[in-house]
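Scroll down for the structure; my scribbles are underneath it.
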Amino acid sequence: MKKKSNRHKYLIHASGIAGILILLLLRIIVRQIHNERVKLREQEENVFSLYHRQNDEFEDSPAQEHPALKPAKQSAPSPERKLARQPTESSAFREKEQHVENKQHVKQLTTYRLHTPMGVELNTADSAELVTLYGIGPYYATKILEYRARLGGFAVPEQLLEIKGFDTERLEGFYDHVFTDTSFIKKLDLKTASEDRLANHLYIGRYLARCIVRYRESIGPDSCSLEHLVRDGILSTEQARKIGWYLH
Numbered sequence: 064m065k066k067k068s069n070r071h072k073y074l075i076h077a078s079g080i081a082g083i084l085i086l087l088l089l090r091i092i093v094r095q096i097h098n099e100r101v102k103l104r105e106q107e108e109n110v111f112s113l114y115h116r117q118n119d120e121f122e123d124s125p126a127q128e129h130p131a132l133k134p135a136k137q138s139a140p141s142p143e144r145k146l147a148r149q150p151t152e153s154s155a156f157r158e159k160e161q162h163v164e165n166k167q168h169v170k171q172l173t174t175y176r177l178h179t180p181m182g183v184e185l186n187t188a189d190s191a192e193l194v195t196l197y198g199i200g201p202y203y204a205t206k207i208l209e210y211r212a213r214l215g216g217f218a219v220p221e222q223l224l225e226i227k228g229f230d231t232e233r234l235e236g237f238y239d240h241v242f243t244d245t246s247f248i249k250k251l252d253l254k255t256a257s258e259d260r261l262a263n264h265l266y267i268g269r270y271l272a273r274c275i276v277r278y279r280e281s282i283g284p285d286s287c288s289l290e291h292l293v294r295d296g297i298l299s300t301e302q303a304r305k306i307g308w309y310l311h
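Be aware that the sequence shown starts at 64, since it is given in our numbering, and climbs by one per residue.
As structure tokens, this is what we get:
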């Protein structure tokens, strides 16, 4: 009996040690995965920052004229030849005007190619379009698409800040290159939407959905509006402003 009891104790002790070792191994694996994700994110940010730094250096550096393109020095012409080659006043004016127009045309083309912003519409863009934005790699492109699907669409670009890990600095990097078309937002009918459908929205939740449905039942669907919900204390003004983008 003692041998069986000791063997049972050893088994329990060994099982406990094995469980602790498994937990430690899992923690090490999770930490390694986290570190790899952090490194991947830093590499993406470094690539984007390097790309934009090179573009800035290219725009700021003055153009250098190749020695082969420099005109050769010529001896001064004689007064007779100078008078013979001198164009009339109207001809000189036309040539100068044409030169200015050509110079402005070249400047406009250069400005267009270098500085015209990309217009990425946040409610229709796919991951291939999103990764063209400064600071957005495959990781954040996927996060944006997932959050857009859960939210029903973006009303303003600032809603990207609601994504976990998305900060103001990242948004400012491409803010001027994105816009939102609110006609693509998926809206709920405040007068007919069920409690479950309202509760599934990120800005509403189960508690507010239940309050809205009970309020609608008490006053009638036709009288249920955002204005009445605010007036009767069901929603705050801030809640109504955010939820209003997704109700009609």
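Even glycine gets a Cβ: it sits at the ideal position worked out from N, Cα and C.
Reduced DSSP secondary structure (H/G/I, E/B, other) of residue i
i	result
F237	coil
L261	helix
V194	coil
F242	strand
L251	strand
L310	strand
G200	coil
C287	coil
S299	coil
R304	helix
K227	coil
Beta-carbon proximity of residue i to residue j, cut-off 8 Å
i	j	result
G216	F237	no
I207	L223	yes
T243	A218	yes
Y210	I199	no
H240	V194	no
L261	A272	yes
Integer-rounded CB distance, given that residue j should sit under 8 Å from residue i
i	j	result
H311	K250	5 Å
K305	D285	Incorrect: roughly 24 Å between the Cβ atoms, too far for contact.
F229	Y197	That belief does not hold up - the Cβ atoms of F229 and Y197 are roughly 13 Å apart, past 8 Å.
E258	V276	5 Å
L292	Y278	7 Å
Opposing strand residues paired with residue i [DSSP bridges]
i	result
E184	F242
Reference residue i, options the options, closest by Cα
i	options	result
D252	S288, E235, L87, E221	S288
T187	C274, T245, E235	T245
L214	G307, S299, R90, I80	G307
S281	G268, I297, I267	I297
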